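Enquirer:
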Amino acid sequence: MQHYTWFPSDHAAVVSQFERLPSSHPALAQTQRLRTVAYNIRHAVGMDKKLSVMRTAKRLHDLQPDVVGLAEVDVHCNRSGNVNQAAVLGNALKMHSAFGKFMDYDGGQYGMAVLSKYPIIDVHTLELPPGGEPRIALMAEVLLPSDERILVVNVHFDWLRNDEIRFQQATKLRDYLRQVSMPVVLLGDFNDQPGSRTLRLFEELLEADKPESERFTWSATEPKVEIDFIFAAPRERWSARGTRVVDESVVSDHRPVLTELTLKP
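Laid out in structure tokens, this is it:
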């Protein structure tokens, strides 16, 4: 399975048509607090049917993230204007970016991305059992200011109503993560709900719990299900606070999830 990594200096010609947004990141103190966002962006097509990767960038910029996991990202697809959305978003937000391909699609590639304020020093993918579409877990190793490394793992599990493939995908990932020695942030579109056997596989991880009154993430206009999540492992090394589903009903068909993770010494 191929993987692709881009940093903010790359693909300048691709993104020169877009205005860079001003940086909003103050320097972090030595305690490692990470504003973390999980967002299925639907290749930057909003509920109003408008395609605008810069509108997606503006919404993310408003959240001031340190780490972002994005689902449904296009690279050079005809339907989204033949741009590298991972690189465009990384450049606009002045963040490092990594892209992982699910499949070739519409003249380009379709998959997912990780954005990070801090350097991405390694990228790899874990191929998951295929379902309605091919699937991977995208893994970006991030170097924090403390010189500690964390593994940011972005997922977008199978969407079919029957959960068998989704459960197989989650099981393979859970087994892989149990072998990882560094701290892990796991986030993305799990396409399943709390209490499902898919989500129960990750009970040993710390979940960034959302308030009961605002936990639904899909659909953006009439949110009725909770399928987007942020986890961290090992549980004893992390805490989460301020978790919320962002009130955004236009930019995508999902609402973003935001939390502040703290990595303990």
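Residue numbers (the numbering used here): 301 to 565.
Note that beta-carbon positions come from the ideal geometry of N, C-alpha and C, so glycine has one too.
Keep in mind that this is a model prediction, so the values were computed, not measured.
1. For residue 325, I'd like the list of residues in its chain whose CB is within less than 6 Å of its CB, leaving aside the five on either flank, ordered along the chain.
2. Per the contact definition of three or more C-beta pairs closer than 8 Å, is the region 507 to 523 in contact with the region 446 to 466?
3. For residue 377 and residue 385, what's the separation of their Cα atoms in angstroms?
4. Of all the options 451, 513 and 512, which has the alpha carbon lying nearest to the alpha carbon of residue 534?
5. Around the Cβ of residue 421, are there at least 16 other Cβ atoms within 10 angstroms (buried) or fewer (exposed)?
6. Taking only three categories from DSSP, how would you classify residue 461?
7. Please name the residue, chosen from 433, 372, 408 and 404, that lies closest to residue 414 on a Cα-to-Cα basis.
8. Which stretch, first to last residue, makes up the alpha helix (DSSP H) that contains residue 362?
9. Taking residue 557 and residue 529 to be in contact with their CB atoms under 8 Å, please state how far apart those CB atoms are, rounded to whole angstroms.
10. Got a sec? Which residues, its chain only, sit under 6 Å from residue 316 by beta carbon, not counting five neighbours each side?
11. Between residue 439 and residue 489, what straight-line distance do the alpha-carbon atoms span, to the nearest angstrom?
12. Considering only C-alpha positions, which residue in the set 435, 454 and 434 is nearest to residue 441?
13. Sort 491, 520, 471 and 514 by Cα distance to residue 503 and report the nearest one.
14. On the DSSP bridge assignment, give the partners of residue 376 in chain order.
15. In terms of alpha-carbon separation, which member of 546, 435 and 387 lies closest to residue 404?
16. For the beta strand (DSSP E) containing residue 500, list its first residue and its last residue.
Expert: Answer, in terms of the structure:
1. With a pLDDT of 42 at residue 325, under the threshold of 50, the modelled position of this residue cannot be trusted; read the value that follows with caution. If we look at residue 325 and ignore the five residues flanking it on each side, its Cβ neighbours are 417.
2. no
3. 9 Å
4. 451
5. exposed
6. coil
7. 372
8. 353 to 363
9. 7 Å
10. For residue 316, the predicted structure reports a pLDDT of 37, less than 50, and the residue's modelled location is therefore unreliable. A value from the coordinates is still provided. The answer is none, since no qualifying residue turns up.
11. 15 Å
12. 454
13. 471
14. Looking at the DSSP assignment, residue 376 forms no beta bridge with any residue, so it has no partner.
15. 435
16. No beta strand (DSSP E) holds residue 500; the alpha helix (DSSP H) holding it covers 497 to 500.
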